[in-house]
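The structure under discussion appears below in the form of structure tokens.
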Amino acid sequence: TEDPVDAPSQFWDEEVIWDSRANAHNPMLDQDGRVWYTARIRDEDNADFCKQGSSHPSAQLFPTTSARRQLSFYEPDTGEYTFVDTCYDTHHLQFSEDPDNTLWTSGDDHVAGWIKTRVFLETGDLMAAAGWSPFILDINANGEVDEWVEPDEPVDPSMDKRVIGDTYAVMPNPADGSVWYSSVSSDWQGGIVRFDPATGLSEVYRPPMPGFANRGADIDRNGVVWLSMGSGHLGQFDRSKCQAPLNGPDATGDHCPEGWSFHDLPGPGFVGLEDRSVESSYYTWVDQRGSFGLGENVPMVTGNLHDGIHVFHNGGFLTLRVPYPLGFYTKGFEGRIDDPDAGWKGRGLWIPSGDRTPFHYEGGKGTKPLVVHFQMRPDPLAK
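If you read the sequence shown in this note's numbering, its first letter stands for residue 1, the second for the next number, and so on.
Below, the structure written as structure tokens:
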């Protein structure tokens, strides 16, 4: 049955224009062309194997009782959907480059969550394939997860400390196997979280001024994290530049200001803050493989107030714009190399344009989202 309309819409009056309960979000292709995406497949109450008393190793360390969104995947060859019942909340998702094709997800405040998709696809055994771990800082600096104090308790140098992740973007690091998250904390500062699957330990890093309020983020193949910042910057964090110890009682987030750099996004500034771009970039994506043709490890950010995207190249920004009245509003990127020997014609970006309310565009009701294919010629007359 349809949910009742709480109040008439200015555009749709009493008409119900969507009634989805799946709350489907970010999709991602695996190596065989399956479409994995985060979606709600049940009510919030978790299965027993997630909870206290379960024999699952993750539940023994940190049992979970509820999850608001789980996982699904779609098989294009058969048209079949498969539901994957996770013990943790999901939002964004990304595959790591490991033999198990591990799928990491963000969206849970308390844990890093993963599915070893190779194991799940071969056996169907979710308990063997799934895992999760709380975010634990190595305060006592012994390299192991020990008894911890809770997030609302003060640091105890003899114990570890659990922290709230507030995870949004998720980024497996191809350089060392760690997994990074952008943290959209409830305060203005923001930050990033590093989780090490080998030890179960985490690290947190918060940006110093002038950067703050990061959102979407990605990582390059050298392990450098790039972030869209609410302060009007493309943020950059290089852990290798940190001078202070990365664990211990002082490693609680503000211990590596030297690891951060900030690059001013295009656009005018605010009155009284002329050096702070008003650009409201939502997400960052790193072209790790050179799919656009400007080289490898090129960061790109959504230009949500510029009808385009901003590409960070050779120390400056190149803006790719879809002009008015067509307009362009994106929340994500993807690149593809169709033919590495075909020059610029064999490469390109595939970027969706649209949001939840495309009827606000100039086309009005009936306007549909677009997918825009960007390709970069070496010169304007190149054929």
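Just so you know, even glycine gets a beta-carbon here, dropped at the ideal spot from N, CA and C.
Small disclaimer: the values here were computed from a predicted structure and weren't measured.
C-beta atoms of residue i and residue j nearer than 8 Å
| i | j | result |
| --- | --- | --- |
| Ser281 | Asn304 | yes |
| His91 | Thr105 | yes |
| Arg347 | Gln375 | yes |
| Gln288 | Ser261 | no |
| Cys50 | Thr38 | no |
| Arg69 | Gly107 | yes |
| Ala217 | Ser182 | yes |
| Leu137 | Ala67 | no |
| Ala169 | Asn222 | no |
| Trp114 | Phe73 | no |
| Asn142 | Pro157 | no |
| Thr167 | Ser228 | no |
Contacting residues, own chain, Cβ-Cβ under 7 Å from residue i (five flanking each side not counted)
| i | result |
| --- | --- |
| Gly397 | There is no way to answer for residue 397, as the model of the chain reaches only from 1 to 383. |
| Pro8 | Glu14 |
| Glu153 | none |
| Trp148 | Ile136, Met159, Asp160, Lys161, Arg162 |
| Tyr82 | One point to set straight first is that residue 82 is Thr, not Tyr, in the sequence displayed. Closer than 7 Å at Cβ, skipping near neighbours: Ser72, Phe73. |
| Pro197 | Gly177, Val179 |
Proximal residues to residue i (C-beta, below 8 Å), its chain only, five neighbours per side dropped
| i | result |
| --- | --- |
| Gly327 | Asp307, Ser353, Tyr361, Glu362 |
Classification of residue i by the beta-carbon crowding that lies within 10 angstroms, buried from 16 upward
| i | result |
| --- | --- |
| Phe120 | buried |
| Asn46 | buried |
| His373 | exposed |
| Pro134 | buried |
| Ser186 | exposed |
| Arg194 | buried |
| Gly200 | buried |
| Arg321 | exposed |
| Tyr88 | buried |
Bridge partner(s) assigned by DSSP for residue i
| i | result |
| --- | --- |
| Gly253 | Partner(s): none; Gly253 has no beta bridge. |
| Glu75 | Glu80 |
| Lys161 | Leu137, Val149 |
| His263 | Leu234 |
| Glu203 | Arg194 |
| Asp13 | Ser9 |
| Leu103 | Phe95, Ile115 |
| Val311 | Met300, Leu318 |
| Asn214 | Met229 |
For residue i, the three-state DSSP class (helix, strand or coil)
| i | result |
| --- | --- |
| Met376 | coil |
| Val179 | strand |
| Ser228 | strand |
| Ala130 | strand |
| Thr367 | coil |
| Glu122 | helix |
| Lys383 | coil |
| Ala169 | strand |
| Gln31 | coil |
| Trp36 | strand |
| Arg21 | coil |
| Gly343 | helix |
| Phe62 | coil |
| Glu274 | strand |
| Arg239 | helix |
| Pro268 | coil |
| Pro57 | helix |
Proximal residues to residue i (C-beta, below 6 Å), its chain only, five neighbours per side dropped
| i | result |
| --- | --- |
| Ala22 | Ala39, Arg40 |
| Lys365 | Phe359 |
| Arg276 | Gly232, Gly269, Phe270 |
| Gly384 | Summary: the structure shown does not reach residue 384, with the chain confined to residues 1 through 383, and so no result is reported for it. |
| Ile351 | Thr330, Phe333, Val372 |
| Asp339 | Gly346 |
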